[in-house]
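Single-structure report; data block below.
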Amino acid sequence: MFTTQICMRCNARNPERATECRKCGYDKLRPKARESRSA
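Quick note on numbering that gives the first Met the number 0: the sequence shown kicks off at 0 and runs consecutively.
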């Protein structure tokens, strides 16, 4: 299954091997959450 990185600053989707955001250049990326958050 595909995993993407999400930019912590602008929330853009990035490829999983990205080191910085393709949109704003920010270098803090997090992996996209695989499970939905429960209450």
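A virtual CB, placed ideally from N, CA and C, is assigned to each residue, including glycine.
query: What does DSSP give as the partner residues of C6 in its beta bridges?
result: C6 is bridged by DSSP to L28.
message: Can you give me the C-alpha to C-alpha distance between L28 and I5, rounded to a whole angstrom?
response: 5 Å
- prompt: What's the gap between the Cα of R21 and the Cα of N10?
  reply: 11 Å
- prompt: Under a three-way DSSP split, which group does R12 fall into?
  reply: strand
message: In whole angstroms, give me the CA-to-CA distance for P14 and T3.
response: 5 Å
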